[in-house]
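Enquirer:
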Amino acid sequence: MTSPCRLDSGTATEKSTGEPIHPSSQNSSQFSIGLEVLPGGFYLEYMTIDFNYKFEFADMFPLEFHVCLDAETGRLNLPSDLENEEWTDLDFNKCDHCPLNSNDHPSCPAAVGLGHMVQSFQDMKSFWETKITVTTKERVYLKETDVQTGLFSLFGLIMASSGCPHMDFLRPMARFHLPFSTVNETVMRVTSMYLLKQYYDAKKGISPDMELKNLDELYKNVTKVNHSILERIRQVGHGDSKSNAVLILDSFAFLLTNELSNDLSSLKEIFDSPL
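Each residue of the sequence shown is one higher than the one before, counting from -2 in my numbering.
#1: According to DSSP, is D269 helix, strand or coil?
#2: Is the distance from the Cβ of V184 to the Cβ of L261 below 8 Å?
#3: Would S178 and L73 be called neighbours here (beta carbons separated by less than 8 Å)?
#4: Whose C-beta lies closer than 7 Å to the C-beta of L209 among residues of the same chain, with five residues either side of it excluded?
#5: If you draw a straight line from the alpha carbon of R186 to that of N90, how long is it in whole angstroms?
#6: If you follow the alpha helix (DSSP H) that H133 is part of, which residue opens it and which one closes it?
#7: Less than 8 Å between the beta carbons of F52 and V64, yes or no?
#8: Taking its Cβ as the centre, do 16 or more other Cβ atoms sit within 10 Å of F173, making it buried, or is it exposed?
#9: For F124, collect the residues of the same chain with a Cβ closer than 8 Å to its Cβ; drop the 5 residues on either side in sequence, then sort them by chain order.
#10: Over what stretch of residues does the beta strand (DSSP E) that includes K51 continue unbroken?
#11: Is the stretch 199 to 206 touching the stretch 162 to 176 in the sense that three or more CB pairs, one from each, lie closer than 8 Å?
#12: On the DSSP bridge list, what partners appear for F62?
#13: Take L111 and list the residues in its own chain whose beta-carbon comes closer than 6 Å to its own, dropping the five residues that flank it on each side.
#14: Roughly how many angstroms lie between the CA atoms of K265 and N259, to the nearest whole one?
#15: With a threshold of 16 other CB atoms inside 10 Å of the CB of L139, please say whether the residue is buried or exposed.
#16: Would you list the one or two residues that DSSP bridges to E141?
#17: Let me know if S248 comes out buried or exposed under the rule of 16 or more other beta-carbons within 10 Å of its beta-carbon.
#18: Under the three-state reduction of DSSP, which class applies to P123: helix, strand or coil?
#19: Using a Cβ-Cβ cutoff of less than 6 Å, which residues in the same chain neighbour S150 once the five nearest sequence positions on both sides are dropped?
#20: CA-CA distance, D120 and D56?
#21: So, for N81: in the same chain, excluding its five sequence neighbours on each side, which residues have a beta-carbon less than 7 Å away from its beta-carbon?
#22: Taking C-beta to C-beta, are L87 and L97 nearer than 8 Å?
#23: What residues in its chain sit with their C-beta under 7 Å from that of L253, if we drop five residues either side in the sequence?
#24: Which residues in the same chain have their Cβ closer than 7 Å to the Cβ of L161, if we skip the five residues on either side of it in sequence?
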């Protein structure tokens, strides 16, 4: 069940240089596909889950990215004719714990998903101010912040839904993506998602990990992926915003594993009162 939607990007151009280069427009019908019934009676209101990120600048034309997930699988939809650069090859700075084989998977899933964004932001500084609007089918988010904060949010969405085996456990979070989430929000969402997975595992007769022991190991693998992606994108352009975005993701992964080692103490008082 694949939608024709793409992950699109525009190119920022200084206003003084001439006409803007507008990002690829999306057909409005993507936002009203209709109701669909999946096996087991599960209803999907749409065939795709869409996130539109728009970066607006004071002295440049905006950059816009449309991220499209398959509503059934939660996987990132990419166009079949996408041209990948060398830095997205699987064997280019490949993660040492990557289970994929380049014969079957010539490209790194996470790198391919990030490719257009890395190109578009390669000459930008992380501290440049921007107004970011994230539009979904259900609501609109708006934040005035710096470039790296917006990319941190966007990179997290892409990597979690890219099909990278070590990021795949985060796919349910990508489906319910929360732009610009804080550390505490991320800790709450990750642990809640993980415990819900344990509930469903127990229903299937699988021993649940209620102590969150495996979650720590999963995030150690995420950290390795972040480091590898960081080395890849450092090969492209001179802007620091995309590198800093990955560093923020890595910091969040570190803080979450630290929270796990401290028994999620930062959230404990929220649950001190009976529900």
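Glycine included, C-beta positions come from ideal geometry on N, C-alpha and C.
Expert: Short version:
#1: coil
#2: yes
#3: Between S178 and L73, the C-beta spacing is not below 8 Å.
#4: T188, Y191 and L257
#5: 31 Å
#6: Looking at the sequence shown, residue 133 is not His but Thr. That residue, T133, is in no alpha helix (DSSP H); it is neither H nor E in DSSP.
#7: no
#8: exposed
#9: Contacts found: D143, V144 and Q145.
#10: T45 to E53
#11: no
#12: Y50
#13: I155
#14: For the pair K265 and N259, the Cα-to-Cα distance works out to about 10 Å.
#15: With fewer than 16 other Cβ atoms within 10 Å, it is exposed.
#16: K128, per the DSSP bridge assignment.
#17: exposed
#18: It should be noted that the sequence gives Ser, not Pro, for residue 123. Looking at S123 - three-state DSSP - the assignment turns out to be coil, as it is neither helix nor strand.
#19: P176 and F177
#20: 14 Å
#21: S104, V109 and G112
#22: Yes, these two residues count as a Cβ contact at 8 Å.
#23: T183, V184, V187 and Y216
#24: Reading off the sequence, residue 161 comes out as Cys, not Leu. P106, A107 and V222, listed in sequence order.
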